[in-house]
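Engineer:
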Amino acid sequence: MNPGDVAWILASSALVCMMIPALALFYGGMVGSRRILNMMMMCFGGASLVAVLWAFFGYSMSFGNSVGGLGLIGDVSEYLGMDKLLVEDPDAAIPPALFAAFQLFFACVTTALVAGAAAGRMKFGAWMVFAGVWATLVYFPIAHWVFAFTSADGSVTGGWIASGIKAIDFAGGTAVHMNAGVAALALALVLGRSSGWPKMEHTKPHSRPLVLVGAGLLWVGWFGFNAGSALSAGQSASVVFLNTAVAAAAGLLAWALVERLRRGAATSMGAASGLVSALVAITPACGAVSPLGAVAIGAIAGAVCSLAIEWKFRLGFDDSLDVVGVHLVGGIIGTLLVGFFATDSAPNGVSGLFYGGGPQQLGIQAVATGAVLAYSFILTWVIAKVLDMTIGLRIHEEDELRGIDLAAHAEDAYLTDEDPVNLGSATSRP
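Residue numbers for the sequence shown follow this note's numbering, so the first one is 16 and each next one is one higher.
1) Do you know how far the Cα of Asn363 is from the Cα of Val304?
2) Go through the region 277-347 residue by residue and report every complete run of the beta strand (DSSP E) that reaches 3 residues or more, in order.
3) Determine the closest residue to Ile176 out of His159, His192, Val191 and Gly169, with distance taken between C-alpha atoms.
4) For Ser210, write down the residues that DSSP places opposite it in a beta bridge.
5) Short check: CB of Val255 to CB of Phe120, under 8 Å?
6) Taking the C-alpha atoms as reference points, what is the distance between Cys58 and Met137?
7) Identify the continuous alpha helix (DSSP H) that holds Trp175 and give its terminal residues.
8) CA-CA distance, Phe369 and Ala357?
9) Kindly provide the ranges of any alpha helix (DSSP H) runs that are 4 or more residues long and lie completely inside the region 148-174, ordered along the chain.
10) CA-CA distance, Ile297 and Ala252?
11) Between Leu394, Leu351, Leu408 and Phe392, which has its C-alpha nearest Val452's C-alpha?
12) Does DSSP put Met137 in a helix, a strand or coil?
13) Quick one: what's got a C-beta closer than 6 Å to Thr125's C-beta in the same chain, skipping five residues either side?
14) Return helix, strand or coil for Arg409, following the three-state DSSP convention.
15) Taking the alpha carbon of Gly354 as the point to measure from, which residue in Gly346, Ala39, Ser366 and Asp168 has its own alpha carbon closest?
16) What do you get for Pro374, buried or exposed, if any count of 16 or more other CB atoms within 10 angstroms of its CB means buried?
17) Kindly indicate which residue of Gly79, Pro110, Gly285 and Asp333 has the alpha-carbon position closest to the one of Arg223.
18) Is the region 195-206 touching the region 21-39, taking contact as three or more C-beta pairs under 8 Å?
19) Out of Ala264, Leu227, Arg409 and Gly302, point me to the one whose CA is closest to Gln250's CA.
20) For Phe117, which of Ala22, Asp184 and Ala39 has the nearest alpha-carbon?
21) Roughly how many angstroms lie between the CA atoms of Gln376 and Ile347, to the nearest whole one?
22) Using three-state DSSP, classify Gly188 as helix, strand or coil.
23) Based on Cα-Cα distance, which residue from Ala112, Ala263, Val273 and Asp333 lies nearest to Ala300?
24) Using the three-state DSSP reduction, which class does Gly89 fall into: helix, strand or coil?
25) Terminal residues of the continuous alpha helix (DSSP H) containing His221?
26) Going by the beta-carbon positions, is the gap between Ala134 and Met54 smaller than 8 Å?
27) Which of the three DSSP states is assigned to Ser81 in this structure?
28) Closest to Ala201 by C-alpha separation, out of Ile419, Ala428, Glu415 and Ile398, would be which residue?
29) Tell me whether the beta-carbon of Gly308 lies closer than 8 Å to the beta-carbon of Gly289.
30) Taking the alpha-carbon positions, what's the Phe145 to Leu100 distance?
31) Just to confirm the assignment, what range does the alpha helix (DSSP H) spanning Trp450 have?
32) Which of the three DSSP states is assigned to Tyr74 in this structure?
33) Within the continuous alpha helix (DSSP H) that includes Thr125, where are the two ends?
34) Taking Cβ to Cβ, would you say Tyr390 is nearer than 8 Å to Ile183?
35) For Ile393, collect the residues of the same chain with a Cβ closer than 6 Å to its Cβ; drop the 5 residues on either side in sequence, then sort them by chain order.
36) Is the separation between the beta-carbon of Ala70 and that of Met45 shorter than 8 Å?
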């Protein structure tokens, strides 16, 4: 093992872990002041549950030897409890336990992303049950499809997307962003619209500075997310790091420009969303394109996603924090544009249509996109529908209008003039 590689993946794992509180801040600033605690708790709670499931069976389902060699699901018994990861593998480039920890945070972040579609109107207990079932039935199988590669000696069979059709998804445009985005759509459809949607004064963003801080921390964390996926500290990680940086900047500028032309002002919320949408789009393509290709992908994603977030009003679904418009649309853009902008001089070594390649890679990218979208949407809709018919998903309307924080967590995020503490009392409400 190269100590530099091990150190880089350790640092990358910490960066991806930081994306969980960064997402909580990003989402938390977008909701009303009486919804922020619940939103942040959904991120932390869902991520924590998935981490425990990962230790029990999630890693094995995702990276175990493919059952029957079909590339659909890993052998759940192979790494059950992860005890096998305690023994050092002399042939591994990095410790297997470190790879498991790195991928653990991908599962956590993906689940937390889905929470944005349910902001302020879903029971916290129902969310926790949903998160656990969804990770088990949706994320872990798709992670096997996309991230599990067949070993060089053929002793381990990987997923059908990674090793079968060989679609390019360097760090999770399909398994993470499209998966979370289309799952958010299915959950939003089952949950239904928020009370008073779309004109809801009680749900307006209460802290734009928090949104910007969260977006900035996500940008930093994304370097671990993307460049860490090279699994070594070398040329590939360096190219991916550069592509991630310039794509994000291009997305911010493109969104701001579209806003300026359409509405007369470039907003802070738009800047944060443009940054994230470009990071989403470059995630699958970061190892396949040149820096100029990364700029193009980031700019296209920023511009298109700025228009896509309005689809929820036209189509009538309440995607509270635009998970669909940013992560679903951005993930599709980045995955498909690999077929156009990929260059064989980049780490993935494949050429797209703009660099002399044929349409084959674009077709492969489209197949991977369609499969992930169909599987995730159908399974998520079924999971949400069953839970809604059994334990129920929605909180009471009066709690929704008053703010879910007090109802679900017996806390307020901020003290008000009516709070006993502000009136000089030594006690506060529970």
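Virtual Cβ for every residue (Gly too), placed ideally from N, Cα, C.
Structural biologist: Let me lay it out:
1) 8 Å
2) None, since the region 277-347 contains no complete beta strand (DSSP E) of that length.
3) His159
4) Its beta-bridge partners do not exist; DSSP assigns none.
5) no
6) 13 Å
7) Counting along the chain, Trp175 falls outside any alpha helix (DSSP H), and DSSP gives it neither H nor E.
8) 8 Å
9) 155-162
10) 14 Å
11) Because the chain in this structure spans residues 16 to 445, residue 452 falls outside the shown range and cannot be described.
12) Correct three-state label for Met137: strand.
13) Tyr154, Val191 and Ala195
14) In this structure, Arg409 counts as strand in the three-state DSSP scheme.
15) The shortest Cα separation from Gly354 among Gly346, Ala39, Ser366 and Asp168 belongs to Ser366.
16) Classification for Pro374: exposed.
17) Among Gly79, Pro110, Gly285 and Asp333, the Cα nearest to that of Arg223 is on Gly285.
18) no
19) Out of Ala264, Leu227, Arg409 and Gly302, Gly302 has the C-alpha closest to the C-alpha of Gln250.
20) Ala22
21) 15 Å
22) Residue state, collapsed to three classes: helix.
23) That would be Ala263, whose Cα lies nearest to the Cα of Ala300.
24) strand
25) Segment: none, His221 is in no alpha helix (DSSP H) and carries neither H nor E.
26) yes
27) strand
28) Ile398
29) No.
30) 28 Å
31) Residue 450 lies beyond the stretch modelled for the chain, which goes from 16 to 445, so this question has no answer here.
32) helix
33) Pro111 to Val129
34) Between Tyr390 and Ile183, the C-beta gap is not smaller than 8 Å, which leaves the two residues out of contact.
35) none
36) no
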